[in-house]
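If you count the sequence shown from 1, you need to add 168 to reach my numbering.
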Amino acid sequence: MDDNQDYDLDKPIPATGLRQGLTSYGDAHFSLFLRKVFIKAAGYGEDALARPIIGIINTGSGFNPCHANVPQLMEAVKRGVQLNGGLAIEFPTISLHESFASPTSMFLRNLMSMDTEEMIKAQPLDVCIMIGGCDKTVPAQLMGGISANKPVLPLITGPMMPGSFLGQRIGACTDCRSSWAAYRAGTMDIEDISGINEELAPTVGTCGVMGTASTMACITAGLGLMPFSGAAAPAVSSARMRVAEQTGADAVKVASKLNERRPQTILSRESFLNAITVLQAIGGSTNAVVHLMAIVNRHPKVAGTITLRTFDEIGRKTPLLIDLKPSGDNYMNDFHNAGGMLALMHTLRPLLHLEALTITGETLGERLDAVPFKTFPYSVQLIRPLDNPLYPSSALVTLYGNLAPGGAILKAAASKDRSLLEYEGPAVVFENTADLAKRIDSDDLDVSPQSVLVLKSIGPIGNPGMPEAGVIPIPRKLKGVTDMLRLSDGRMSGTAGGTIILHISPESGIVDSPFGVLKDGDLIRCSLADRVLEVNLSDADIASRVQARKATLQQQNVALHGNRVVGTRKRGYRGLYETSVNQAEDGADFDFMTANGAETFERRSE
Ligand code: FES
Ligand code: MG
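If you want it as structure tokens, here you go:
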């Protein structure tokens, strides 16, 4: 490369690599001259700088054990990039871990998506590899990557291995919950719960079951954005390092087709229909519904063509095939050993849109043709054939009714007492998590095994950040009861189970929400067959309760922002969050960040 070219004032500067976006000083040639001054400070020579620049997002953090293998992955990615003629340059974005992000990691997902989008756009990189894994990271990166619309290749950190306690395999986090429930119920002693605490997460990596992290990893493979083995290879395996090396090599190939491989070009409605088929077939996390809606709504050509009803329609045609916790018995490393996403995609072939494009430029069908999969007894035991599923259809369903005009989600496959799926019972209402904590184990709680437990104020606005508190604990006085119908406007962890209706919309943080005016004793009806969630109140009853609620809020001087109950207006990110987050069925994204977000700004300034 003749570097003098760059300083020839008569020649235009190509808009690739280091030469992108040279606007800072008005004089593009001077901007490039300065940029080279500073990058040379890091020791790069002209030859390196003339190559396609592959940015690598580093989401490692001391507070994120799910990403603790990022340094090794980075080394393997760089090897893949540089062996293929690219220049790898890493940079950080924020890092979110489920247990360490307060009030919830969901509260910060949109911030991470903005960080990701703006750093991809701001920096002179041609292609971006986004390393992530823990629950909210992959959604945030896909949202940001699609909005930035430079070619992006997700690289998943990978699931942890299961541990072992007294000869039994255990793993985060389905077994975290069942062990804690046993300790809470008095059937496990303090020594055992301490011993289990040592073994639930025995290696780095994401939770080792089909929780949100693994679900989003499988969905990303289903979208065609990464190698099939990139979803399930364990975090600590050599297979995972080879996926990283491969991702580096793929990124350099993508750099020669920059315009064709932008996410808004590759991803079509069909790509997302495939992703939803994968979600249903794996019995994936309910959280993925919210995340997928947020991701879809970032894509200008797909936004509005997929709704919660689409998930239900696809569910009716798609059987649950994967025998993994929490819906089944096994762990993610078993899924990997059984053939992982390659085996699943071959199995699902008749249900997939094979013409959907993938990051390599091939269609999904071409990718599958190129790598056949030979089944073996263990593979069909874990990844069932279509005609011998674990559950016939509709692992995840969408319910509507006067209690959820905007929809609600139920993971039917995770129900422990299936009689609750066609059920009517009286509500026992908790106004918020503090109320729940105060009364749930009280002897005075007026509750019976027939009751329907209701928890309000855990929606996107409500808490804020839609905490995973939807698995309301069974009241202690109902010892022996293992499942009850439970309702909330919040989420539940992808690793949890029970007959749990979630994401009720509008949430109770919206002033005229029917869910927000539920009272003790209201009769609630859930019907899986009819896809209905309703309460025995007329429209007029609901309207008069809403009026009464407004009057009470006014008396208490509680501030409303439009129709949102936000209390006192907050400063900073929280203020932005509470006034801008949309409802769960739209993805709980910020209204101004969606593909139609510009219209939101126009509306607000009217
Ligand atoms: Fe990170 Fe479960 S805590 S994936
Ligand atoms: Mg989780």
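Glycine residues also receive a C-beta, built at the ideal position from the N, C-alpha and C atoms.
The beta strand (DSSP E) enclosing residue i, as first and last residue numbers
i      : result
Met298 : Val295 to Gly300
Pro327 : Careful: Pro327 lies outside any beta strand (DSSP E) and carries neither H nor E.
Lys579 : Ala572 to Lys579
Arg693 : Leu691 to Ser695
Val470 : Per DSSP, Val470 belongs to no beta strand (DSSP E) and is neither H nor E.
Closest residue to residue i among the options (Cα-Cα distance)
i      : options                           : result
Gly300 : Val205, Asn232 and Ile482         : Asn232
Ala697 : Val470, Asp418, Val205 and Ala580 : Ala580
Asp555 : Ser673, Arg732, Ile207 and Leu516 : Leu516
Asp603 : Glu590, Lys584, Asp585 and Lys624 : Lys624
Asn764 : Asp195, Arg466 and Val639         : Arg466
Pro518 : Val446, His729 and Leu460         : Val446
Ser229 : Lys208, Pro260 and Ile222         : Pro260
Ile678 : Glu285, Lys246, Val411 and Ser748 : Ser748
Leu217 : Ile364, Ile257, Glu285 and Gly392 : Ile257
Glu285 : Leu276, Gly312, Pro292 and Ala269 : Gly312
Asp497 : Asn455, Ile482 and Leu550         : Leu550
Arg408 : Leu323, Ser695, Ile450 and Asn731 : Leu323
Asn442 : Leu393, Val411 and Ala412         : Leu393
Glu753 : Ser695, Leu686, Arg659 and Gly211 : Arg659
Asp343 : Ser547, Gly665 and Leu578         : Gly665
Buried/exposed call for residue i, threshold 16 Cβ in 10 Å
i      : result
Glu428 : exposed
Gln336 : exposed
Pro628 : buried
Gly508 : buried
Phe544 : exposed
Tyr193 : exposed
Tyr499 : buried
Thr663 : buried
Tyr568 : buried
Ala719 : exposed
Gln715 : exposed
Gln309 : buried
Gln724 : exposed
Arg484 : exposed
Leu532 : buried
Lys647 : exposed
Tyr741 : exposed
Phe206 : exposed
heavy atom of the ligand FES below 7 Å from residue i C-beta
i      : result
Ala381 : yes
Ser775 : The chain is shown only over 169 to 774; residue 775 falls outside these bounds and no answer can be derived.
Asp303 : yes
Thr374 : yes
Cys296 : no
Ala340 : yes
Cys694 : no
Cys234 : yes
Boundaries (first-last residue) of the alpha helix (DSSP H) holding residue i
i      : result
Arg337 : From DSSP, Arg337 is part of no alpha helix (DSSP H) but of the beta strand (DSSP E) over Gln336 to Ile338.
Ser281 : Ser273 to Ala290
His504 : Met500 to Asn505
Ala403 : Neither: Ala403 is in no alpha helix (DSSP H) and is coded neither H nor E.
Asn442 : Arg437 to Ile450
Pro594 : Where Pro594 is concerned, there is no enclosing alpha helix (DSSP H), although the beta strand (DSSP E) it sits in stretches over Glu590 to Phe598.
Thr388 : Thr380 to Gly390
Ile710 : Asp707 to Gln723
For residue i, three-class secondary structure by DSSP
i      : result
Glu366 : helix
Met169 : Its pLDDT being 46, under 50, Met169 is placed unreliably by the model, and nothing is read from it.
Thr374 : strand
His514 : helix
Arg654 : strand
Asp757 : coil
Gly735 : coil
Leu251 : helix
Asn455 : helix
Val615 : coil
Glu636 : coil
Ala256 : strand
Glu214 : helix
Thr531 : strand
Phe679 : The sequence given here has Val at residue 679, not Phe. Three-state DSSP puts Val679 in coil, outside helix and strand.
Gly194 : coil
Val620 : strand
Any non-hydrogen atom of the ligand MN closer than 7 Å to residue i Cβ
i      : result
Gly684 : Looking for the ligand MN in the displayed structure turns up nothing; the ligands present are the ligand FES and the ligand MG.
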